[in-house]
Amino acid sequence: MSNAPESDAAALQDRNAAPVLEVEDLRTWFDTRDGVVKAVEGLSFDLRPGEILGVVGESGCGKSITSLSIMQLVPTPPGRYASGAIRFNGRDLLKLSPDEMRRIRGNEISMIFQDPMSSLNPVLTVGDQLTEAIILHQGLGYKGAMTRAREMLDLVHIPEPEARLREYPHQLSGGMRQRVMIAMALSCNPSVLIADEPTTALDVTIQAQILALMEEIRDKLQTAIILITHDLGVVAEMADRVLVMYAGRKVEEANVIDLFERPQHPYTRGLMRSVPRVTGGEASAVERLSEIPGIVPALNNLPKGCVFADRCAFVTDRCRREYPPLVDRGERHLAACWESENLPEWTA
Amino acid sequence: MFAYVVRRLLATIPIMALVAVFVFMLLHMSPGDPAVVIAGDFASVAQVEEIRTQLGLNDPLHVQFLNWAAGLFRGDLGTSIYSGLPVSRLIGQRIEPTFMLTLTTMIIAITLAIPLGVIAAWKVGTWIDRAVMTVAVLGFSLPVFVLGYALILGGSVRLGWFPVQGYTSIFTSFPGFLRHITLPALTLGLVYMALIARMTRATMLEVLNEDYVRTAYAKGLPTRKVLIKHALKNAMVPISTTIGLGLALLIGGVVVTESVFAIPGLGRLTVDAVLRTDYPVIQGVILVFSLTYVLLNLLIDLTYVLFDPRIRY
Amino acid sequence: MTDRSHDRLQDPPLSARLTENAVAMADALRRNPTMLFGLVVLTVMALLAFGAPYFGLPEPMRQSPIDRLQDPSAAHWFGTDMYGRDLLSRVLHGGQISLVVGLSVAAMATSVGLVIGLVAGFNRRVDAIVMRFMDALMSIPSILLAIALVALWGSSVQNVIIALTIPEVPRVVRLVRSVVLMLRDQTFVQAAIACGTSTTRILFRHIMPNTIPPLIVQATYICAQAVIFEAYLSFVGAGTPPEIPSWGNIMAEGRMFFFQNFGIIMYPGIFLAITVFAINTFGDGLRDSLDPRMKRRI
Chain V
1 MSNAPESDAA ALQDRNAAPV LEVEDLRTWF DTRDGVVKAV EGLSFDLRPG EILGVVGESG
61 CGKSITSLSI MQLVPTPPGR YASGAIRFNG RDLLKLSPDE MRRIRGNEIS MIFQDPMSSL
121 NPVLTVGDQL TEAIILHQGL GYKGAMTRAR EMLDLVHIPE PEARLREYPH QLSGGMRQRV
181 MIAMALSCNP SVLIADEPTT ALDVTIQAQI LALMEEIRDK LQTAIILITH DLGVVAEMAD
241 RVLVMYAGRK VEEANVIDLF ERPQHPYTRG LMRSVPRVTG GEASAVERLS EIPGIVPALN
301 NLPKGCVFAD RCAFVTDRCR REYPPLVDRG ERHLAACWES ENLPEWTA
Chain A
349 MFAYVVRRLL ATIPIMALVA VFVFMLLHMS PGDPAVVIAG DFASVAQVEE IRTQLGLNDP
409 LHVQFLNWAA GLFRGDLGTS IYSGLPVSRL IGQRIEPTFM LTLTTMIIAI TLAIPLGVIA
469 AWKVGTWIDR AVMTVAVLGF SLPVFVLGYA LILGGSVRLG WFPVQGYTSI FTSFPGFLRH
529 ITLPALTLGL VYMALIARMT RATMLEVLNE DYVRTAYAKG LPTRKVLIKH ALKNAMVPIS
589 TTIGLGLALL IGGVVVTESV FAIPGLGRLT VDAVLRTDYP VIQGVILVFS LTYVLLNLLI
649 DLTYVLFDPR IRY
Chain B
662 MTDRSHDRLQ DPPLSARLTE NAVAMADALR RNPTMLFGLV VLTVMALLAF GAPYFGLPEP
722 MRQSPIDRLQ DPSAAHWFGT DMYGRDLLSR VLHGGQISLV VGLSVAAMAT SVGLVIGLVA
782 GFNRRVDAIV MRFMDALMSI PSILLAIALV ALWGSSVQNV IIALTIPEVP RVVRLVRSVV
842 LMLRDQTFVQ AAIACGTSTT RILFRHIMPN TIPPLIVQAT YICAQAVIFE AYLSFVGAGT
902 PPEIPSWGNI MAEGRMFFFQ NFGIIMYPGI FLAITVFAIN TFGDGLRDSL DPRMKRRI
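Chains as they are written, first to last, in our numbering: chain V, 1 to 348; chain A, 349 to 661; chain B, 662 to 959.
Below you can see the structure in the form of structure tokens.
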């Protein structure tokens, strides 16, 4: 897994193509009784057509709030977008009216969620739920929407789509439900698909199938995908670029090969070390896992300096004083760490 | 489904049998001699003896019960001590106003309460939510008859929009029926409305936190559609349970409301029977109300299939 | 074994639990102004009702035919009823009966229900029989049952209390039983059983304390309901005897005269509504703070 993923044609992105989505200095804050919780703090990234961007980090690091911010599904209040811009094909989503945003949701940007068991409405048929967005956004009648729904189920390799359309979610297996979710998300040909932990709740074998399906769809439809996960294996497998988040901030971003070859942030290194690696066939080759000591700091009371300082083995006085800026370490490999250059050689 | 209905109906038989035993025992749970209680303070020994014979109180208890139960199977609920008429006939004469009042109340209350509860849940924490919930708690707190007399005073006496009291059958005159039924139905409906609105809000709040609601929003559906199609349909099972259980409150309220508005229904029959300690009538009314209550709740259980496909009978 | 699992095996002692609940209640009062409002209103009502004999008001039963059906005046703030009795005095005194009935019914229904529920929840055989009875009892609309009982037993405050208690018991039993059933299979109870703790001890030490918070909440609702139902019983002539003023029978007497003096119904009605509203608000606040899981119920 520490090896670079096999490069495929799609991974070779044209970096010059105009980005379909640009997030710039996004701040999503929550006003709570215990103060302002800065769930996303000064986040910037962009996404090009057909690109798969992996977003990794521990739970509570702001990954999901980032995706909900793009969809503008953050409940406001208590949430608010304190600053920044989310430009989709040049239009700032944060400046759109609720109605304009509604026309984008599920149409040009769509989203699939972690738990396919609970993300589908138990009391409506699969057909009902699939056609809903199609009728709404594509202006098709019920019949036309049904035909389209059938095609979508075909696309995600669901056998006997005709019968499935009349069934309820509880009659489908977990993998099937996630396929339905994907079909639903893709039914209006979105240019961006946000997948929030799409395989976490699934069996390992099903996981691989769903990931393969997502890659296939990217290749077929050139959909750009934001893949949110805590699983570095999934990232190595799928992503073109990777964004590492910690305590609401981007701490490192690089293309996937570069990131795994020379991680520049101690947090990224910690994440990689906490993944089991089987280097040989023998039992002795299984290394001892290391965990990152400590926990993610409370987001309403962040330290002044580097947010990772308290858990970092390489911490200096400067780290505690000043927050490190994101610096390009070559080949658009960004890292926010004062000590990047002094880190020991990375041995995968 | 059919098998389930039959099974459920059969399951209500032991419950109804127990209810019958309770109702029968009511008479014998009195501290003194039931015949004396029924005859009243000024009755002569001969009158007490007559009542004793009429009610068969000289027989052993189990014989009394068997005779009474056998009567029930023939539809014989006993004979009124006061009027000497069969209780079943008295009930038959009075059932229409009560049925119509209850039905109207339910229709008004449900059509108002569910939207109010949905809006309160949607606007949770805002003044709209607080207003709806305050009115709901007030609805629980106001005795039916206080509201009833206030409405008579305002709507009938001051404004003259409605007749003060009385009842017109829907079969006699529909406008007359409406004019007579409006105030009683509003009076009776407030508690019931409060109950349903609160339950709707509570259930909707829970449902609105579900992942599938987020999915629905992520599809770009307008709020109205998310609330009604996605959320409310999921909330309907607990709401209909409350509609069923709340009928008990409604039945209690009917007794009082009919007295306030002088509606000649089962409630009035009950109150009159209480004042005259006409026990066979009281027993008969309780049995009829309980049976209706149990059967209506069974009916509501069956409607769950409409709302939730996971429920299979 | 880690500390956490130890906690789960040995639930905290009763005293700690009660303190915890008391602290939760105090905390809730501070955070929840409507709950505080409820408590304050209730206290004021109780002071007015039980302090009534000392306010120098006319005797609630003193008739004065010349003064009958008067409008409010300086001498009679709420006016007078059809026998010329002072309404203010009657309404304040009437609060005693209503409050006593409400509190007694709540206390009796919860304690009887608690015992039956604990036993039913822990003994399957008892459970099967008891719950059938409870189901049957619950199929009789409570007001009707209470009316029938008082009609037969005769009007007295005790009879009203008992008649209102009986229909509430099954609901309490259900609540307690559901808590017991939920706890019975949990680690700390299983551990206690495994250690050979006696059933009584398990019931009273380990299970009963957990039923208290939802029971207190339920008790407030029963209390509110009983205050209203007392009025209903009096209204249909099967309640508190007419010689004792209660909000219910003041209103019941006033209905023949509501054209002439609506105050006879309105004043006790307002007092009753405020009291019940306060109890309900207090109960809602308690529910939200003591037992968040119960939020979904009403």
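Even for Gly, the Cβ is constructed at its ideal location relative to N, Cα and C.
Contact check, residue i vs residue j, beta carbons under 9 angstroms
i      : j      : result
I634/A : L374/A : yes
L47/V  : R27/V  : no
V55/V  : V242/V : yes
L490/A : A934/B : yes
T936/B : L690/B : no
T32/V  : N301/V : no
M454/A : Y515/A : no
S588/A : F488/A : no
L202/V : G175/V : yes
Q178/V : P116/V : yes
V830/B : I777/B : yes
S907/B : G915/B : no
T605/A : F493/A : yes
L93/V  : I70/V  : yes
L569/A : G305/V : no
Residue nearest to residue i in terms of C-alpha spacing, selected from the options
i      : options                           : result
P339/A : Y627/A, S638/A and V653/A         : The displayed coordinates of chain A run from 349 to 661. Any statement about residue 339/A would go beyond what the structure contains.
I611/A : I429/A, R356/A and R442/A         : R442/A
I905/B : D688/B, F938/B, R751/B and G712/B : R751/B
T590/A : F421/A, T535/A, A461/A and V396/A : A461/A
M696/B : T482/A, V367/A and R572/A         : T482/A
R87/V  : I109/V, E22/V and V244/V          : E22/V
G763/B : D949/B, Q886/B, P870/B and M912/B : Q886/B
R329/V : R318/V, Q264/V and Y246/V         : Q264/V
L836/B : Q819/B, N871/B and L806/B         : N871/B
V36/V  : I134/V, G141/V and A298/V         : A298/V
F421/A : L644/A, S431/A and S436/A         : S436/A
R355/A : L614/A, R506/A and L646/A         : L646/A
I868/B : V888/B, A855/B, L842/B and I889/B : L842/B
M912/B : D949/B, G755/B, V787/B and A807/B : G755/B
F920/B : L526/A, L598/A, V603/A and L499/A : L499/A
Chain-ordered chain V contacts of residue i [CB-CB under 8 angstroms]
i      : result
N582/A : N121, P122 and V123
R562/A : L73, F113 and S119
D656/A : P122 and V123
H410/A : Per Cβ cutoff of 8 angstroms: no residues; H410/A is ~51 angstroms from chain V at best.
Contact set between residue i and chain B, taken where Cβ atoms lie within less than 8 angstroms
i      : result
G600/A : P802, S803, I804, L805, F890 and Y893
7 angstroms Cβ cut-off: residues of chain A touching residue i
i      : result
N107/V : G568
E132/V : K567 and L569
R102/V : G568 and P570
G930/B : P491 and V494
Partners in chain B for residue i, counting only beta-carbon separations shorter than 7 angstroms
i      : result
Y641/A : S800 and P802
Contacts of residue i in chain V (Cβ-Cβ under 7 angstroms)
i      : result
D559/A : F113, D115, S118 and S119
Y652/A : Within 7 angstroms Cβ-Cβ: nothing; Y652/A doesn't reach chain V, min ~11 angstroms.
Contact list for residue i against chain A, beta-carbon separation under 8 angstroms
i      : result
N634/B : This structure gives no information on residue 634/B, because the portion of chain B shown stretches from 662 to 959.
H333/V : Going along chain A, no residue has its Cβ under 8 angstroms from H333/V, so there is no contact; the nearest lies around 33 angstroms.
Proximal chain A residues relative to residue i, where beta-carbon distance stays under 9 angstroms
i      : result
M912/B : P491, F493, V494 and Y497
E168/V : One detail in the question is off: residue 168/V reads as Tyr in this sequence, not Glu. What Y168/V touches in chain A: P657 and R658.
Closer than 9 angstroms at the beta carbon, the chain B residues around residue i
i      : result
I630/A : L805, I808, A809, A812 and L813
Would the stretch 217-225 of chain V count as touching the stretch 163-172 of chain V if we require 3 or more Cβ pairs under 8 angstroms?
no
Taking 8 angstroms as the threshold, find out whether the stretch 856-876 of chain B comes into contact with the stretch 934-944 of chain B through three or more Cβ pairs.
In this structure the stretch 856-876 of chain B does not lie against the stretch 934-944 of chain B, because fewer than three pairs of beta carbons, one per stretch, are closer than 8 angstroms.
Taking contact to mean 3 or more Cβ pairs, one atom from each stretch, closer than 8 angstroms, check whether the stretch 328-345 of chain V and the stretch 360-368 of chain A are in contact.
no
Check whether the stretch 243-255 of chain V and the stretch 319-336 of chain V touch, using three or more Cβ-Cβ pairs below 8 angstroms as the test.
yes
Could you check whether the stretch 181-190 of chain V touches the stretch 574-588 of chain A, counting it as contact only if at least three pairs of C-beta atoms, one from each stretch, sit closer than 8 angstroms?
no
Does the stretch 612-631 of chain A come close enough to the stretch 417-429 of chain A that 3 or more CB-CB pairs lie under 8 angstroms?
Two segments are said to touch when three or more pairs of C-beta atoms, one from each, lie closer than 8 angstroms; by this definition the stretch 417-429 of chain A touches the stretch 612-631 of chain A.
The stretch 559-566 of chain A contacting the stretch 537-551 of chain A, beta-carbon criterion three pairs below 8 angstroms
no
Note down, in chain order, all residues in the stretch 583-596 of chain A with a beta-carbon under 7 angstroms from any beta-carbon belonging to chain B.
A596
The stretch 472-486 of chain A in contact with the stretch 502-515 of chain A per 3-pair CB rule at 8 angstroms:
no
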